[in-house]
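For our numbering, count along the sequence shown from 1 and bump the result up by 214. Ideal Cβ placement from N, Cα and C applies to all residues, glycine included. Owing to the predicted nature of the structure, the values given are computational and were not obtained by experimental measurement.
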Amino acid sequence: MHDTIVIDVKKIKVRVVLVGAILFLLVFAWFAIRWQIGNLLANLTLASDPNVSEIADLAISWAPADPSAYSLKASAGEETNITVQALVEAVRRAPYDYRWRIELGRAYEQNEQIELAEIELQKGVELAPSYSSARWHLGNFYLRRERENEAIAQLKMAAENSPVYRDQVFSLAWDYFNKDAILIERLAGERSDLRARLAYFFAARGRAEDSLRNWNSLSDEDKEINAVIARSIALGLFDQRHYPEALEFSRQFGGETEAMAEVVTNGSFEKNVGDTGDSRFGWLIVRNDPKFEAVTDSRVKRDGNRSLRVTFKSFIKPGLANIFQTVVVEPNKKYKLRFWLRTENLKSAGVPMIEILNANNDSTIARSQPFPTGTSDWQQVNIEFAAPDACNGISIRTIRAACGEECPITGIFWYDDFVLSGR
215 MHDTIVIDVK KIKVRVVLVG AILFLLVFAW FAIRWQIGNL LANLTLASDP NVSEIADLAI
275 SWAPADPSAY SLKASAGEET NITVQALVEA VRRAPYDYRW RIELGRAYEQ NEQIELAEIE
335 LQKGVELAPS YSSARWHLGN FYLRRERENE AIAQLKMAAE NSPVYRDQVF SLAWDYFNKD
395 AILIERLAGE RSDLRARLAY FFAARGRAED SLRNWNSLSD EDKEINAVIA RSIALGLFDQ
455 RHYPEALEFS RQFGGETEAM AEVVTNGSFE KNVGDTGDSR FGWLIVRNDP KFEAVTDSRV
515 KRDGNRSLRV TFKSFIKPGL ANIFQTVVVE PNKKYKLRFW LRTENLKSAG VPMIEILNAN
575 NDSTIARSQP FPTGTSDWQQ VNIEFAAPDA CNGISIRTIR AACGEECPIT GIFWYDDFVL
635 SGR
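See below:
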């Protein structure tokens, strides 16, 4: 009698399904790993890599559906037709990704296929209307075609949508429109943030009047919102020696509300000096030597509540210029500077004096007589001068008469009541 073998069909089916599933997972994992490696190659390889073409081919063979692989092939710098064809393949695989449309449009333009280039660049904008990079490339394309109105429309939206692109847009227009401020301002429109940024842009390029004009187009509320920009502009214009505009920006952002053109700020020293923060139009004192001291004095004063007391304790440096103030003036205008002076035991072969400097080129305009040595009561000192042509700022500073490399000075003097008047 033969033994009967019973086959459990259900178990065989389960095993077949399991084996099939394992094989499917292995195949899927293989292709997934290949795709990931191809994607990594495409995204991590630099266009400057000497083997970029071979790596791009490998990336395409391992990840044939990845548009990045074709983009890498396009960046290999081979023939223009190959570049175009590679980007066409990238677009086919990601038709709704604006990046490949832009790259293809640029490649078409380089290949002198202008109509196709415009179609792809426009499609990029349609796919990503709020992305500044898409509008930036389309605007550049229109500029190269000398279609200025269309270019301005796209570049304006690029600047509106992204702070990153604003300076790039302004710089492009600066060069294209040959630094014509009015044409560049078309890109800012009436947007307050763009106007504020454009004011900064002009200031950075030394166009102080254009900067101030754009700033003054803002409302008081918008100026307050953009006060940080005004502060940066004020400091920058001062360093560039655009003193009238720097003063106006300083006043508007609240840094120097008391400073005025043709006026010595805090001339009677009723407020502290030298502790001025961002101030550029008040008294500045360089305190870098323990043998020199300059402080306000409430005990000795000619008028008001304070004066400035300057004390030397065997100070030997031949250079001084430690006390100074910049004042906005008008070119070719005559002025008189008046101040009061007192001394006590002042001794030196190189005594102090006041110098009026052309702040625009650091040349001397006028000097006072050397201060009297010994002890003297309050006396008025007058300096008459004319601001030179193109001079819109002067520096009032304390210097020493020349007396050699080491020139000791001891004693005290006081300043009070500085007044500048036009004649």
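Next item on the list: Could you tell me whether the segment 564-582 touches the segment 499-508, where touching means 3 or more Cβ pairs closer than 8 angstroms?
Entry: Contact between the segment 564-582 and the segment 499-508 is absent, because fewer than three Cβ pairs lie under 8 angstroms.
Next item on the list: Mind the definition here: the segment 375-390 touches the segment 345-359 only if three or more C-beta pairs lie below 8 angstroms; say whether that holds.
Entry: yes
Notebook entry, point to check: How would you label residue 607, buried or exposed, when you count the other beta carbons within 10 angstroms and need 16 or more for buried?
Noted result: buried
Note to self: Measuring straight from C-alpha to C-alpha, what distance separates residue 417 and residue 388?
What the structure shows: 13 angstroms
Next item on the list: Specify, as a first and last residue, the run of the beta strand (DSSP E) that residue 635 falls within.
Entry: 623-636
Next item on the list: Could you tell me if residue 536 is buried or exposed, where buried requires 16 or more neighbouring beta carbons within 10 angstroms of its beta carbon?
Entry: buried
Margin query: Taking the beta carbon of residue 315 as the centre, do at least 16 other beta carbons fall within 10 Å, making it buried, or is it exposed?
Written below: buried
Check: Between residue 244 and residue 282, what straight-line distance do the alpha-carbon atoms span, to the nearest angstrom?
Finding: Annotation note: pLDDT 43 at residue 244 (below 50); position unreliable, coordinate value reported separately. Approximately 20 angstroms between the Cα atoms of the pair.
Notebook entry, point to check: Rounded to a whole number of angstroms, what is the C-alpha to C-alpha distance between residue 305 and residue 299?
Noted result: Distance from the CA of residue 305 to the CA of residue 299, rounded to the nearest whole angstrom, comes to 10 angstroms.
Item checked: Residues near residue 558 in its chain [Cβ-Cβ closer than 7 angstroms; skip 5 each side] -> 589, 625, 626
Check: Of the residues 336, 632, 405, which one's Cα is nearest the Cα of residue 483?
Finding: 632
Margin query: For residue 630, count the other beta carbons within 10 Å of its own beta carbon; 16 or more makes it buried, fewer makes it exposed. Which is it?
Written below: buried
Margin query: Going by C-alpha to C-alpha distance, which of 382, 372, 362 sits closest to residue 397?
Written below: With distances taken between Cα atoms, residue 397 lies closest to 362.
Check: Under a three-way DSSP split, which group does residue 566 fall into?
Finding: strand
Check: Which of helix, strand or coil does DSSP assign to residue 430?
Finding: coil
Notebook entry, point to check: Using the C-alpha atoms, what's the distance from residue 450 back to residue 321?
Noted result: So the alpha carbons of these two residues sit roughly 41 angstroms apart.
Margin query: Any beta carbon of chain B sitting closer than 7 angstroms to that of residue 484?
Written below: The chain inventory of the structure shown lacks chain B, comprising one protein chain alone.
Note to self: Applying the 10 Å Cβ sphere with the 16-neighbour rule, what's the burial state of residue 566?
What the structure shows: buried
Check: In whole angstroms, what is the alpha-carbon distance linking residue 402 and residue 325?
Finding: If I take the Cα positions, the gap works out to 33 angstroms.
Margin query: Going by DSSP, what residue range makes up the alpha helix (DSSP H) through residue 297?
Written below: 294-307
Next item on the list: Would you mind sorting residue 370 into buried or exposed? The rule is 16 or more other CB atoms within 10 Å of its CB.
Entry: buried
Notebook entry, point to check: Near residue 532, which residues of its chain fall below 8 angstroms by C-beta distance, leaving aside the five closest residues on each side in sequence?
Noted result: So the list reads 564, 614, 616, 617, 618, 619, 620, 621, once near-sequence residues are dropped.
Margin query: Give me the DSSP bridge partner(s) of residue 289.
Written below: Answer by DSSP bridge pairing: none, since residue 289 is not bridged.
Item checked: Three-way DSSP call (helix, strand, coil) for residue 481 in this model -> In the three-state DSSP reduction, residue 481 falls in the coil class, being neither helix nor strand.
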